[in-house]
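Structure record follows, encoded as structure tokens.
In the numbering used here, the protein residues as written are 1 to 168.
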């Protein structure tokens with residue numbers, strides 16, 4: 001029997017590595033991030049202190065790899081909670097809040113994220129990783145024009161060299 005501390009350390013590290021291997025063995029492309037596993041568009045987070053996982057924000061108490069693989073497959077086949085066209089409209093609203101009366105200016109995505117998570121508690125349930133996932137889905141979905149005809153483009157600035165506020 002492992003101590004509580006040892007269990008938590010295992011769930012925060014080696015378990016996630018093993019989970020990536022199990023997902024890949026099931027034919028699911030997955031990669032490890034600091035505290036999570038990403039199997040686009042699904043994000044699996046370990047909550048070591050509670051001995052559980054969160055898959056796209058939903059609790060999963062079973063840590064068995066087969067149960068996690070099944071949950072990830074369901075998540076990958078589900079309709080997105082925020083379709084790309086709605087996410088684009090949300091980005092436009094946040095952009096307008098920041099840019100004010102000067103449309104057309106370049107705004108860092110980190111500032112857009114800050115605007116989207118102003119309400120207390122929002123950043124806890126919609127972190128930078130979820131924001132990056134939604135940006136990636138938007139890019140993959142090919143949606144670049146809003147309902148009113150505004151277009152969006154994502155350009156890398158020289159600020160991306162520093163790595164701060166960069167979503168990958």
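A virtual CB, placed ideally from N, CA and C, is assigned to each residue, including glycine.
**Asked** Is the region 12–23 touching the region 35–47, taking contact as three or more C-beta pairs under 8 Å?
**Response** yes
**Asked** Could you give the uninterrupted runs of the beta strand (DSSP E) lying entirely in the region 29–94, keeping only those of 3 residues or more?
**Response** 36–39, 42–47, 52–55 and 58–60
**Request:** Compute the Euclidean distance between the alpha carbons of residue 12 and residue 147, then round it to the nearest angstrom.
**Result:** Numbered from 1 along the chain shown, position 12 holds the residue referred to as residue 12. Numbered from 1 along the chain shown, position 147 holds the residue referred to as residue 147. When rounded, the distance between both Cα atoms is 43 Å.
**Message:** Quick check on residue 151: does DSSP put it in helix, strand or coil?
**Reply:** Counting from one through the chain shown, the residue named residue 151 turns up at place 151. Residue 151: strand per DSSP, three-state reduction.
**Item:** From 62, 4 and 134, residue whose alpha carbon lies closest to that of residue 80
**Value:** Translated into positions along the chain shown, residue 80 becomes position 80. That would be 134, whose Cα lies nearest to the Cα of residue 80.
**Burial state of residue 139 (16 or more Cβ within 10 Å)** = Walking along the chain shown from the start, residue 139 turns up at place 139. The residue is exposed, with fewer than 16 neighbouring Cβ atoms inside 10 Å.
**Message:** I'd like the list of long-range same chain contacts for residue 167, defined as Cβ closer than 7 Å, with 5 residues on each side in sequence excluded.
**Reply:** The residue given as residue 167 occupies position 167 in the chain shown. Per-residue confidence for residue 167 stands at a pLDDT of 47, beneath the threshold of 50, marking its modelled position as unreliable; the derived number appears in the next sentence. Result list for residue 167: 109, 128, 131, 132 and 135, in chain order.
**Request:** Would you please state the rounded distance, in angstroms, between the beta carbons of residue 143 and residue 84? I believe it to be under 8 Å.
**Result:** The residue labelled residue 143 in the question sits at position 143 within the chain shown. The residue labelled residue 84 in the question sits at position 84 within the chain shown. Residue 143 to residue 84, Cβ: 4 Å. Contact.
**Message:** If I measure Cβ to Cβ from residue 107 and keep anything under 7 Å in the same chain, skipping five residues before and after, which residues do I get?
**Reply:** To locate residue 107, count along the chain shown from 1; it is residue 107. Correct list, in chain order: 95, 98 and 99.
**Request:** Under 8 Å Cβ to Cβ from residue 82, same chain only, skipping five residues before and after it: list those, please.
**Result:** As a working mapping, residue 82 is identified with position 82 in the chain shown. Counting only Cβ-Cβ distances below 8 Å, and skipping sequence neighbours, we find 90 and 134.
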